[in-house]
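Peer 1: Note that full-length UniProt numbering gives residue 148 to position 148 of the sequence shown, counting from 1, and the numbers run on in steps of one.
Dropping a structure here in structure tokens format, bear with me for questions.
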Amino acid sequence: MKLPNLNLYTRFFLLFTITTLLLVILVFLGSFSMSEEDAKKVVFDRHEALHDMMVKLVDGPIDLDKLKAEAKKNRVAIQINRGAQVWRTGDSLPEPDGLEKNATPLGQLYFSKVGTKYYVFTTSKGTTIAVTSQIANLIIYPSWLVYWPWAALFIVLFVSYKILNRQLKPISLAIDSVTQISHGNLAYRIVDHPKNDLGKLTLGINEMAESLEQLFASKNELLLSVSHELRSPMARMKVLLALLANNETVAKLNTEINKMDEIVEQLLESERLKDAHQLLNLETYFFPNVLRDILNSFESNDRIQLEGSVAEIAIDIDLGRFKFLIRNLIENALKHSGSESPVLVSTRTENSELFISVRDFGTGIEQSFISEIFEPFSQAADSSHRSNNGVGLGLFLCKRIAIAHGGALTVESELGRGSEFTFRLPIVV
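Right under this line is the structure:
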């Protein structure tokens with residue numbers, strides 16, 4: 001029989017209901033269960049009273065109706081054997097010979113176990129009276145088995161946890177997927193889709209990721225195509241300008257064409273870095289020497305201050321791209337802070353990672369814009385925070401260079417108090 005496809009609410013309701021009922025039953029059994037030794041002790045403590053009650057049942061003629069009433073009152077089953085005659089209040093109980101096997105004397109009574117059931121019996125005037133109780137059979141166990149209700153309780157909790165975890169697993173998968181997508185991994189897909197309402201969620205996230213991947217792929221293809229198409233006319237313009245007489249107008253045109261050429265090169269570079277680590281030309285360099293070369297490359301570096309000591313370590317980097325990243329961060333800091341304001345460069349190592357920070361005390365970045373600052377062509381809309389040079393490709397390219405090196409580029413900023421960019425680079429031992 002095929003089970004119906006229950007919705008998530010119904011599944012949880014059934015799971016919680018069944019689990020609760022099982023826990024109540026097992027707690028009840030665990031609270032009242034006793035071992036065979038404890039049961040024998042209880043019978044022995046009351047054997048005289050029980051013996052008198054059982055003997056009275058066969059004192060005189062046996063009234064079956066009265067016997068059944070007595071059995072029902074005490075919630076027991078009674079069987080009386082007198083020679084070939086048998087009186088019973090319910091199902092057949094073992095014969096006297098079977099009860100006497102392995103019977104334990106308890107005062108005037110005998111305690112016996114036949115199969116999985118327990119019996120108390122005695123003999124009076126050639127008559128055997130045997131009594132058993134369904135409740136007693138439910139709560140009396142061998143010593144090694146007396147704690148089974150508690151063991152079963154933990155098993156029920158474990159199974160319920162596993163079932164609940166399986167039903168809710170798509171939520172953790174969805175969180176992982178959204179995290180991957182937010183970090184730029186648009187190729188990430190959820191492969192496990194349960195047959196419940198949450199399966200629709202994971203399928204929807206996959207469809208969203210696929211749409212985003214196609215959207216960004218189209219965007220990158222457009223940028224790449226435009227960049228390639230622009231290179232040819234710009235090259236021709238440079239040739240034509242070289243044929244003209246040198247004057248101020250030609251010089252200005254040449255400067256603007258060079259700026260356009262630089263933008264196109266940045267666009268192509270960002271596309272080349274799309275495959276991250278594969279296109280890097282990694283070599284090992286002594287970090288203090290690399291940092292000193294970068295700082296010395298600035299014509300006027302009076303405002304650039306190196307804080308603290310520089311870790312004397314070797315790093316595996318693509319030198320050209322690494323220098324571009326650090327230079328771009330320093331140039332941005334100089335550009336967006338006052339002419340007298342210092343730019344602080346600091347380094348530190350932690351957990352096999354190198355941290356390079358560039359801090360300025362300029363205008364800062366609006367919190368609403370921080371999440372977009374590493375996007376291509378992204379610049380603050382506020383004219384007081386917008387650069388007059390460039391089109392917003394520098395930080396986008398820096399971010400891709402950082403990721404290509406297996407690191408990350410982050411920013412912390414407060415409006416009116418400046419910004420701090422930090423490049424985290426793994427140290428390859």
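We treat Cβ as the ideally placed atom computed from N, Cα and C, and that holds for glycine.
Counting only the same chain and skipping the five closest in sequence on each side, list residues whose C-beta sits under 6 Å from that of T19.
Peer 2: Closer than 6 Å at the Cβ level, and outside the excluded window around T19, lie S160.
Peer 1: Restricting to Cα atoms, I'd like to know which of T284, N328, A311 and A314 is closest to S297.
Peer 2: Cα-wise, what sits closest to S297 is N328.
Peer 1: Per DSSP, what kind of secondary structure is L8 in: helix, strand or coil?
Peer 2: Looking at L8 - three-state DSSP - the assignment turns out to be helix.
Peer 1: Specify the secondary structure class of S352 as computed by DSSP and reduced to three states.
Peer 2: If DSSP states are grouped into helix, strand and coil, S352 belongs with coil.
Peer 1: Taking all protein chains shown into account, decide if Q214 is buried (16 or more other Cβ within 10 angstroms of its Cβ) or exposed.
Peer 2: With fewer than 16 other Cβ atoms within 10 Å, it is exposed.
Peer 1: If I measure Cβ to Cβ from N206 and keep anything under 6 Å in the same chain, skipping five residues before and after, which residues do I get?
Peer 2: Once the five neighbours on either side are set aside, the close Cβ partners of N206 are R189 and I190.
Peer 1: Roughly how many whole angstroms lie between the Cα atoms of L230 and S352?
Peer 2: In a straight line, the C-alpha of L230 is about 43 Å away from that of S352.
Peer 1: Can you pull the DSSP bridge partners for G338?
Peer 2: Bridge partners of G338: none, in fact.
Peer 1: DSSP on G204, reduced to helix/strand/coil?
Peer 2: The answer is helix: DSSP assigns G204 an H, G or I state.
Peer 1: Does DSSP classify R231 as helix, strand or coil?
Peer 2: R231 falls in the helix class under three-state DSSP.
Peer 1: When we look at the beta-carbon of G418 and count the other beta-carbons within 10 Å, is it buried (16 or more) or exposed?
Peer 2: G418 should be labelled buried.
Peer 1: Unbroken alpha helix (DSSP H) runs of length 4 or more, entirely within the segment 141-200: which are they?
Peer 2: 148-182, all fully within the segment 141-200.
Peer 1: Quick one: which unbroken beta strand (DSSP E) runs of 3-plus residues sit fully inside the segment 28-91? Chain order, please.
Peer 2: List check, beta strand (DSSP E) in window: 77-82 and 85-88.
Peer 1: Please report the residue range of the beta strand (DSSP E) in which F421 lies.
Peer 2: Note, F421: beta strand (DSSP E), G418 to P426.
Peer 1: Here's the rule: buried if 16 or more other CB atoms are within 10 angstroms of the residue's CB, otherwise exposed. What is S387?
Peer 2: Its pLDDT being 45, under 50, S387 is placed unreliably in this model, and the value from its coordinates should be taken loosely. Counting Cβ neighbours within 10 Å, S387 comes out exposed, since fewer than 16 surround it.
Peer 1: Go through its chain and collect everything with a Cβ distance to D318's Cβ below 7 Å, but skip five positions before and after it.
Peer 2: L280, N281 and L282.
Peer 1: Could you check if I129 is buried or exposed, using at least 16 other CB atoms within 10 Å of its CB as the buried criterion?
Peer 2: By the neighbour-count rule (16 or more Cβ atoms within 10 Å), I129 is buried.
Peer 1: Let me know the secondary structure DSSP gives Q367 once reduced to three states.
Peer 2: In this structure, Q367 counts as helix in the three-state DSSP scheme.
Peer 1: Are there 16 or more other CB atoms within 10 angstroms of the CB of N165, so buried, or fewer, so exposed?
Peer 2: Exposed, by the Cβ-count rule.
Peer 1: CB-CB under 6 Å to G394, same chain, minus the five flanking residues each way: which ones, in chain order?
Peer 2: Contacts found: N328.
Peer 1: Within its chain, find whatever has a CB closer than 8 Å to the CB of Y119; leave out the 5 residues flanking it on each side and keep chain order.
Peer 2: Same-chain partners within the cutoff: L93, P94, L99, F111, S112, K113, A130, V131 and T132.
Peer 1: What is the residue span of the alpha helix (DSSP H) that F287 lies within?
Peer 2: From DSSP, the alpha helix (DSSP H) with F287 extends over F287 to N296.
Peer 1: Please determine, among F361, K399, D360 and E350, the residue with the shortest C-alpha to C-alpha distance to I373.
Peer 2: The shortest C-alpha separation from I373 is found at K399.
Peer 1: Closest by CA to L354, which one among I315, K252 and E248?
Peer 2: Residue I315 is the option with its Cα nearest to L354.
Peer 1: Along the beta strand (DSSP E) that carries I304, what are the first and last residues, could you check?
Peer 2: First-last of the beta strand (DSSP E) with I304: I304 to E307.
Peer 1: With distances taken Cα to Cα, identify the nearest neighbour of V43 among V345, M53, N196 and G107.
Peer 2: That would be G107, whose Cα lies nearest to the Cα of V43.
Peer 1: Can you have a look at P170 and say buried or exposed, based on whether 16 or more other CB atoms are within 10 angstroms of its CB?
Peer 2: It counts as buried.
Peer 1: Say whether chain D places a C-beta atom closer than 9 Å to the C-beta of A77.
Peer 2: Looking at the structure shown, chain D is missing, and only one protein chain is on hand.
Peer 1: Would V27 and T122 be called neighbours here (beta carbons separated by less than 9 Å)?
Peer 2: No, the Cβ-Cβ distance between V27 and T122 is not below 9 Å.
Peer 1: Helix, strand or coil for L93? Go by DSSP, reduced to three states.
Peer 2: DSSP places L93 in coil when its eight states are reduced to three.
Peer 1: Check D360 in the structure and name its three-state DSSP category.
Peer 2: D360 falls in the coil class under three-state DSSP.
Peer 1: If distances are taken between C-alpha atoms only, which option among L243, G204, A187 and V239 comes closest to A217?
Peer 2: Nearest option by C-alpha distance: A187.
Peer 1: So L325 and F423 are supposed to be a Cβ contact under 8 Å. How far apart are they, rounded?
Peer 2: Right, the Cβ-Cβ distance comes to about 6 Å (below 8 Å), so this counts as a contact.
Peer 1: So for I326, helix, strand or coil by DSSP?
Peer 2: Three-state result, I326: helix.
Peer 1: Could you say which of Y285, S371 and L425 lies nearest to A402 if we only look at CA atoms?
Peer 2: Taking only the C-alpha atoms, the option nearest A402 is L425.
Peer 1: Identify the residues that DSSP records as bridge partners of A408: which are they?
Peer 2: Beta-bridge pairing links A408 to R424.
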